[in-house]
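Undergrad: Numbering (my numbering), first residue to last: 22 to 628. Provided herewith is a single structure, encoded as structure tokens, for subsequent inquiry.
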Ligand code: F6R
């Protein structure tokens, strides 16, 4: 969703950097773009609806003077995508510029009060109240920081706000409550952004800004304090292990394809998380009376697979729930004896953070699984496990899904060791199976990529698909369907094959594509029954099966093959890979950009 970047440096124009940094935030999803700089006592601004490259061709985003500036990519919530609704927004005198990510719930009331006092508004956004409120406080003699703190006391909702003014032209202020902001630190230059990749080519040193804090950035330094009581916050910079190369396409036509190819390494690096670190999370889970897994979208599918892993290996059955619906389903029946595992690759999904906060309020322990160090979820969790996928830029989650599954598998094995639900010998076999996965995923990509391209060419124009699995493969089927619908816009549903007879089968007629996920596990013979039912109704059967599984391949119109030796509980990890590739090539065949699906954002930071 909205992306923010701000830079303060001593000399040299910042606009070209802001432009490039906004390109690096494109993956968050947006519909308009804008940049403002301060120089010679004026604010200079260029903003417009549209993709950054189009807007740059029209307006030349590099051509603004000044060594201090802010930039923004907007994902519309209040007000249509348009030039006027694009950020930055100004006060009445064009002296204060503001960019914002989040939603100001009480903006209508604030706006009507400001209008009554003579302020004029040029957009339909909730954001525009902020520069006008700052203007009022500064007119009373307050400096920018104090004015922003007073704004924070009056606005309701969630926000990451960065503001600067011609009246204090050597600094900018940033505050947050509920939406992400990180500070980047380099000698003589400071950055503020919604996400690390924006400034990663310049520095990997970052300082976290937490909810309820305000930072003042100048070229020489950063000061952070609490908004509520002005307590100074001393926080060391930390070095992130991500590199700028990881956030570039590296020769691949799209981030999504690059990230699919990075999966073997992502899984391998995640398997290196120390056993003690995993064991600590497992201990919290094992001591709980009830365990929930909360997540959204692809991370929700990891939760579904996680339930099967925990159940079959450790005899612990967590309840997977949509984070967005969590408080509506548990009815406050949570206590300090319960544990909630929050799975979110970005660590910034508002639904998941809200559910984690809710769980904590009721006393439950929160264990977070996320890919981003210092992200909001880690600030709301009792214990965090950081997956090692590196930055994921493509909007469709791929490698972060595999690493979430890898961590859940590691926790399941740590739990199995203590619950003794399965023999130690079996645990060690499963552990060996987990270690084989990077190589199996690598082989899966090599073996299936060309086939995915061929099948995409044959099936891209089918309006609807069913994806079916049983047991842990329900998660694989659901994820395969989500990938196809989100980047290629074909209607697709992921179902339990058992449930398919109870409704979805009505869709099936001659040539209707049904994708079966069939690892060699206890569900296989029943899956064969489901394949027969679908064949009898004329379906085209596309399957993902183990190599050498002649029976499944013989029953299928087309198939993808996965190397033998996959432990059934972990089968989602390789079996989903051909489905990611299939969706990618269907999107390409249809002429869509798989990295930027319409209406979607990489991290969904509104409820
Ligand atoms: C799908 C996708 C989304 C996310 C969902 C949760 O490809 O990317 O469905 O999985 O928005 O995001 P995180 O994991 O960041 O909480």
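We put the CB at the ideal spot given by N, CA and C, even for glycine.
List the whole-angstrom C-beta distance separating residue 230 from residue 195, where the pair is believed to meet the contact cut-off of C-beta under 8 Å.
TA: With a Cβ gap of about 7 Å, residue 230 and residue 195 count as contacting.
Undergrad: Fully enclosed by the segment 344-368, which alpha helix (DSSP H) runs are 4 residues long or longer?
TA: Fully enclosed alpha helix (DSSP H) runs of 4 or longer: 347-351.
Undergrad: CB residue 46 to CB residue 67, shorter than 8 Å?
TA: Contact: no.
Undergrad: Whole-angstrom Cβ separation of residue 340 and residue 495, contact assumed at under 8 Å?
TA: Not a contact, Cβ separation roughly 15 Å.
Undergrad: Any heavy atom of ligand 1 closer than 7 Å to the beta-carbon of residue 628?
TA: Every heavy atom of ligand 1 is 7 Å or more from the Cβ of residue 628, so no.
Undergrad: Thinking C-alpha only, which one of 446, 232 and 214 is nearest residue 247?
TA: Comparing Cα-Cα distances from residue 247 to each of 446, 232 and 214, the minimum goes to 232.
Undergrad: What residue does the beta strand (DSSP E) around residue 181 start on, and which one ends it?
TA: Residues 178-186.
Undergrad: In the DSSP output, which residue or residues are listed as bridge partners for residue 196?
TA: In the DSSP output, where bridge partners are listed per residue, residue 196 has 182 and 235.
Undergrad: For residue 625, is the beta carbon positioned less than 7 Å from some heavy atom of ligand 1?
TA: Yes - ligand 1 has a heavy atom lying nearer than 7 Å to the Cβ of residue 625.
Undergrad: Give the range of the alpha helix (DSSP H) segment to which residue 154 is assigned.
TA: Start and end: 150-160.
Undergrad: Hey, how far is the Cα of residue 251 from the Cα of residue 191?
TA: Taking the straight line from one Cα to the other gives about 21 Å.
Undergrad: Buried or exposed, going by whether 16 or more other CB atoms sit within 10 Å of the CB of residue 249?
TA: By the neighbour-count rule (16 or more Cβ atoms within 10 Å), residue 249 is not buried but exposed.
Undergrad: From the DSSP output, which residues share a beta bridge with residue 404?
TA: In DSSP, residue 404 forms a bridge with 388.
Undergrad: Less than 8 Å between the beta carbons of residue 599 and residue 587, yes or no?
TA: No; because the gap between Cβ atoms is not below 8 Å, this pair is not in contact.
Undergrad: Using the three-state DSSP reduction, which class does residue 463 fall into: helix, strand or coil?
TA: Residue state, collapsed to three classes: helix.
Undergrad: Residues bridged to residue 629 by DSSP?
TA: Since the displayed the chain opens at 22 and closes at 628, residue 629 lies outside it and no answer follows.
Undergrad: Let me confirm a value: residue 419 is counted as buried when at least 16 other C-beta atoms fall within 10 Å, else exposed. Which label applies?
TA: Buried, because 16 or more other Cβ atoms sit within 10 Å of the Cβ of residue 419.
Undergrad: Does the beta-carbon of residue 317, which I'm using as the reference point, lie nearer than 7 Å to any heavy atom of ligand 1?
TA: Checking every heavy atom of ligand 1 against the Cβ of residue 317, one is found closer than 7 Å.
Undergrad: Using DSSP with H/G/I as helix, E/B as strand and the rest coil, what is residue 123?
TA: DSSP places residue 123 in strand when its eight states are reduced to three.
Undergrad: Would you identify the three-state DSSP class for residue 431, choosing helix, strand or coil?
TA: Three-state DSSP puts residue 431 in a helix.
Undergrad: Taking 7 Å as the cut-off, is the C-beta of residue 601 nearer than that to any heavy atom in ligand 1?
TA: Every heavy atom of ligand 1 is 7 Å or more from the Cβ of residue 601, so no.
Undergrad: If you draw a straight line from the C-alpha of residue 369 to the C-alpha of residue 508, how long is it?
TA: If I take the Cα positions, the gap works out to 21 Å.
Undergrad: Any idea what DSSP makes of residue 315, helix, strand or coil?
TA: Strand at residue 315.
Undergrad: Could you work out which residue in 541, 590, 429 and 530 is closest to residue 562 when comparing CA atoms only?
TA: Nearest option by C-alpha distance: 530.
Undergrad: Can you list the beta strand (DSSP E) stretches of 3 or more residues lying completely in the segment 547-625, in chain order?
TA: Here the runs fully enclosed are 561-567 and 579-583.
Undergrad: Relative to the alpha-carbon of residue 206, which residue among 261, 168 and 131 has its alpha-carbon at the smallest distance?
TA: The shortest Cα separation from residue 206 among 261, 168 and 131 belongs to 261.
Undergrad: My guess is that residue 516 and residue 498 are in contact by the Cβ rule of under 8 Å, so how many angstroms apart are they, rounded?
TA: Confirmed, about 7 Å.
Undergrad: Taking 7 Å as the cut-off, is the C-beta of residue 357 nearer than that to any heavy atom in ligand 1?
TA: Checking the Cβ of residue 357 against ligand 1 gives no.
Undergrad: Is residue 40 helix, strand or coil when you go by DSSP?
TA: Three-state DSSP puts residue 40 in a helix.
Undergrad: Helix, strand or coil for residue 129, going by three-state DSSP, please let me know.
TA: Helix, per DSSP.
Undergrad: Anyone know if the C-beta pair for residue 50 and residue 622 falls short of 8 Å?
TA: Their beta carbons are under 8 Å apart, which means residue 50 touches residue 622 by this criterion.
Undergrad: At which residues does the alpha helix (DSSP H) containing residue 78 begin and terminate?
TA: Here the alpha helix (DSSP H) through residue 78 covers 73-80.
Undergrad: With a threshold of 7 Å (Cβ to nearest heavy atom), would residue 389 be considered close to ligand 1?
TA: The answer is no for residue 389.
Undergrad: Count the other CB atoms, across all protein chains shown, that sit within 10 Å of the CB of residue 456; report buried if there are 16 or more and exposed otherwise.
TA: It counts as exposed.
Undergrad: Expressed to the nearest angstrom, what Euclidean distance is found between the alpha-carbon atoms of residue 408 and residue 424?
TA: Distance between the alpha carbons of residue 408 and residue 424 is about 6 Å.
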